[in-house]
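To keep things clear, I will list the structure first and then write my remarks on it.
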Amino acid sequence: MTDARATALEDLRSNLTGTLVLPGEPEYDTARSPWNLSVDQRPAAVATPADVADVQAILAAATAAGLGVTTQPNGHGATDDLEGVVLIRPSAFDEITVDVEGRTLRVGAGVNWGPALQALDGTGLIGLAGSNPEVNVVGLALNGGHSMFSRRHGLTARSIVAVDLVEASGTVRRVDDTDDAELIWALRGGGGHFGVVTAIELELFPADAIFGGSLVFPSEAAVPVISAAFALAREVPELGLDIGMMKFPDLPVMPPHLRGRVVASIGLVHLGDEATGRAYADRLLAVAEPIANSLTTFTIGQLAAVAAEPTDPMPTADFGASIGSDDDAFAAELVEAFLAGAERGLMRCGLRAMGGATAEELGSELSAVGAIRAPLLLSAGVLLVSPDIDPVAALQPLHDLADRHGVLGGVPSMLGAGTLADVYEPAVVDRLAAVKQRVDPGGLIRSNRAIRPA
Ligand SMILES: Cc1cc2nc3c(=O)[nH]c(=O)nc-3n(C[C@H](O)[C@H](O)[C@H](O)COP(=O)(O)OP(=O)(O)OC[C@H]3O[C@@H](n4cnc5c(N)ncnc54)[C@H](O)[C@@H]3O)c2cc1C
0 MTDARATALE
10 DLRSNLTGTL
20 VLPGEPEYDT
30 ARSPWNLSVD
40 QRPAAVATPA
50 DVADVQAILA
60 AATAAGLGVT
70 TQPNGHGATD
80 DLEGVVLIRP
90 SAFDEITVDV
100 EGRTLRVGAG
110 VNWGPALQAL
120 DGTGLIGLAG
130 SNPEVNVVGL
140 ALNGGHSMFS
150 RRHGLTARSI
160 VAVDLVEASG
170 TVRRVDDTDD
180 AELIWALRGG
190 GGHFGVVTAI
200 ELELFPADAI
210 FGGSLVFPSE
220 AAVPVISAAF
230 ALAREVPELG
240 LDIGMMKFPD
250 LPVMPPHLRG
260 RVVASIGLVH
270 LGDEATGRAY
280 ADRLLAVAEP
290 IANSLTTFTI
300 GQLAAVAAEP
310 TDPMPTADFG
320 ASIGSDDDAF
330 AAELVEAFLA
340 GAERGLMRCG
350 LRAMGGATAE
360 ELGSELSAVG
370 AIRAPLLLSA
380 GVLLVSPDID
390 PVAALQPLHD
400 LADRHGVLGG
410 VPSMLGAGTL
420 ADVYEPAVVD
430 RLAAVKQRVD
440 PGGLIRSNRA
450 IRPA
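Per numbering that gives the first Met the number 0: the sequence shown = residues 0 to 453.
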């Protein structure tokens, strides 16, 4: 770093109420570390602003010093080395306000879905959360956001009512449909390109009862069970379904009956009564005997416990694609591809059922993330626990599968690495670039996924 930049950052530190950590300082390694530990990011500084005035000071100092700025609550979506970029950790923005009558949730930019959903318990309302409690509310919503409730109520980005934004210029705005229809359109799925979000308001939806969990089947039953799940997804368009394969690690900590084993796993969430939910699950249970069954009624605050996803930071290589096929032949190809990848370290792949409200055309004026025409969204991950694992080789069979069955149109948050041009039509990409040019002509603000390839 040049002396001028180092001086500018020292000056910034003395002006902040919050904190600033610089390379070489003892806290730097912890402060810079993302949730995805495989990404070695080395920002010019890590700032934890205490308030909006601190955010404005960071933006002004970065502009003057020729640095970039990015906001990364957790780093679930971390993608690059952040050289020459000030990394903002928004943890101090921790407001959670539920307006039961107005059916909205307002949260600060530091709030993850776990606490946000717990605040909804007892209200009879749900928000369109993803499957992991440690994922940030703003981070999921800006990037499209797929929820197990999306087939009933749509993608999370489409539930954004308003965004509190500090623009690159330092201007503070509450952006909604009346303030700036084009900017709120871009914020609904265009990622973190348009400023620093300090708070977000999301629409909530009534839910009297929730039933769901997962069914785990032996790999021998994978093809017929996955085919039956695809059929169920087609027949019941509002049912949340996550259809996947997993290979449990061959580690002594695993229960003996699961250690090193390949299984098919079907996550199911029904917004409604238990009897109806069980009738849907029976369609899968008729195909094969499960080796685990966690189906239960639950409250919205218990979603994380039911989804039972890993929450500790880990090194992963991820891949996502929109898939245009959902027939029996595709189920067989999927299982074959997963087994080939699992031989080389592939750990899991899941297919979120689309259709229902995710496929509804709500008009291009509403959100950058559009109607999803693909029946399935594929996401897969390799856990990089050993230097022997080559993530490219492990993911290759699924890349090949996506080459044969992939289609354009998807959700950035489910993409893994890549650019917005990988999921959006060219007209949407052009429009996002135009909004970016208007609100951040100097390109100060960086997001984890570029709008288009450099
Ligand atoms: C274990 C796991 C489970 C997941 N489950 C789901 C799921 O069910 N559904 C789904 O759709 N996705 C899911 N994802 C993907 C996840 O939603 C995206 O990676 C999301 O962007 C993560 O947000 P984050 O804030 O936690 O991550 P970060 O990497 O911290 O942030 C991602 C990006 O969001 C932008 N951003 C975040 N906050 C702000 C802000 N305040 N101001 C401006 N820009 C901001 C930035 O561009 C940032 O680079 C999952 C990811 C993981 C690792």
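Glycine included, every Cβ here is placed at the ideal spot set by N, Cα and C.
Quick one: is the Cβ of glycine 74 within less than 7 angstroms of any heavy atom of ligand 1? Indexing the sequence shown from 1 puts residue 74 at position 75. Within the cutoff, so yes.
Is any non-hydrogen atom of ligand 1 found closer than 7 angstroms to the C-beta of valine 134, if you look at the structure I gave you? One-based indexing of the sequence shown puts residue 134 at position 135. Result yes, Cβ under 7 angstroms from ligand 1.
Just the C-alpha distance for alanine 56 and isoleucine 199, rounded to the nearest angstrom, thanks. On the sequence shown, residue 56 is found 57 positions in, with the first residue counted as 1. On the sequence shown, residue 199 is found 200 positions in, with the first residue counted as 1. Approximately 21 angstroms between the Cα atoms of the pair.
By DSSP's criteria, leucine 376 is part of a beta bridge. Which residues make up the other side? Here residue 376 refers to the residue found at position 377 of the sequence shown. Per DSSP, Ser321, Arg351.
Assigned exposure category for proline 205 - 16 Cβ within 10 Å defines buried: Translated into the one-based positions of the sequence shown, residue 205 becomes position 206. Answer is exposed; the Cβ neighbour count stays below 16.
Report yes if the CB atom of alanine 30 is closer than 8 angstroms to the CB atom of leucine 8, and no otherwise. By 1-based counting over the sequence shown, the position of residue 30 is 31. By 1-based counting over the sequence shown, the position of residue 8 is 9. The answer is no: Cβ separation not under 8 angstroms.
C-beta atoms of alanine 379 and leucine 345 nearer than 8 angstroms: Your numbering for residue 379 matches position 380 in the sequence shown. Your numbering for residue 345 matches position 346 in the sequence shown. Their beta carbons are under 8 angstroms apart, which means alanine 379 touches leucine 345 by this criterion.
Is any non-hydrogen atom of ligand 3 found closer than 7 angstroms to the C-beta of threonine 295, if you look at the structure I gave you? Ligand 3 is not part of this structure, which contains only ligand 1.
Quick one, which of Ala5, Arg4, Asp93, Leu119 has its alpha-carbon nearest glycine 300's? Residue mapping note: residue 300 aligns to position 301 of the sequence shown, counting from 1. Checked all of Ala5, Arg4, Asp93, Leu119; the closest Cα to glycine 300 is Leu119.
6 angstroms Cβ shell around threonine 1 - same chain, five flanking residues per side excluded: The sequence position of residue 1 within the sequence shown is 2, counting from 1. If we look at threonine 1 and ignore the five residues flanking it on each side, it has no Cβ neighbours.
Could you tell me the alpha carbon to alpha carbon distance between alanine 359 and alanine 370, rounded to whole angstroms? For the purposes of this step, residue 359 is taken as residue 360 along the sequence shown, with counting starting at 1. For the purposes of this step, residue 370 is taken as residue 371 along the sequence shown, with counting starting at 1. Note that residue 359 is glutamate in the sequence shown, not alanine. Whole-angstrom Cα-Cα distance: 5 angstroms.
Should histidine 256 be labelled buried (16 or more other beta-carbon atoms within 10 Å of its own) or exposed? Translated into the one-based positions of the sequence shown, residue 256 becomes position 257. With fewer than 16 Cβ atoms within 10 Å of its Cβ, histidine 256 is classed as exposed.
Does the region 378–392 come within contact of the region 277–284, defined as at least 3 CB pairs closer than 8 angstroms? no
Aspartate 399 (DSSP reduced to helix, strand or coil): Your numbering for residue 399 matches position 400 in the sequence shown. Reduced to three states, the DSSP call for aspartate 399 is helix.
Name the two residues that bound the continuous beta strand (DSSP E) containing threonine 197. Counting from 1 along the sequence shown, the entry for residue 197 is found at position 198. Per DSSP, threonine 197 belongs to the beta strand (DSSP E) from 195–202.
Quick one: which unbroken beta strand (DSSP E) runs of 3-plus residues sit fully inside the region 63–144? Chain order, please. 67–70, 84–87, 95–98, 103–107
At what residues does the beta strand (DSSP E) containing proline 217 begin and finish? Counting from 1 along the sequence shown, the entry for residue 217 is found at position 218. First-last of the beta strand (DSSP E) with proline 217: 209–217.
Quick check on DSSP: helix, strand or coil for arginine 258? Here residue 258 refers to the residue found at position 259 of the sequence shown. Reduced to three states, the DSSP call for arginine 258 is coil.
By how many angstroms is the C-alpha of aspartate 389 removed from the C-alpha of glycine 191? For the purposes of this step, residue 191 is taken as residue 192 along the sequence shown, with counting starting at 1. For the purposes of this step, residue 389 is taken as residue 390 along the sequence shown, with counting starting at 1. Spanning the two alpha carbons is a distance of roughly 30 angstroms.
Specify the secondary structure class of aspartate 39 as computed by DSSP and reduced to three states. Position 40 of the sequence shown, counted from the start, is the residue given in the question as residue 39. Residue state, collapsed to three classes: coil.
Which whole-angstrom value is the C-beta distance of isoleucine 242 and isoleucine 209, which I expect to be below 8 angstroms? Position 243 of the sequence shown, counted from the start, is the residue given in the question as residue 242. Position 210 of the sequence shown, counted from the start, is the residue given in the question as residue 209. Wrong, their Cβ atoms sit about 19 angstroms apart, outside the cutoff.
Spell out a yes or no on whether the region 434–442 and the region 407–421 are touching, meaning 3 or more CB-CB pairs, one atom from each, closer than 8 angstroms. no
Distance between beta carbons of threonine 69 and arginine 445, contact taken as under 8 angstroms: The residue labelled residue 445 in the question sits at position 446 within the sequence shown. The residue labelled residue 69 in the question sits at position 70 within the sequence shown. Going by Cβ atoms, the distance from arginine 445 to threonine 69 rounds to 4 angstroms, so yes, they are a contact pair.
Compare the beta carbon distance of alanine 221 and alanine 320 with 8 angstroms and say whether it is the shorter of the two. Mapped onto the sequence shown, residue 221 falls at position 222. Mapped onto the sequence shown, residue 320 falls at position 321. Contact flag unset, no.
Identify, in the order they occur along the chain, each residue of the same chain with its Cβ nearer than 7 angstroms to the Cβ of threonine 96, setting aside the five sequence neighbours on each side. On the sequence shown, residue 96 is found 97 positions in, with the first residue counted as 1. Arg105, listed in sequence order.
Beta carbon of leucine 302 nearer than 8 angstroms to that of histidine 269: Position 303 of the sequence shown, counting from 1, holds the residue named residue 302. Position 270 of the sequence shown, counting from 1, holds the residue named residue 269. Against a cut-off of 8 angstroms, the Cβ pair of histidine 269 and leucine 302 comes out as no contact.
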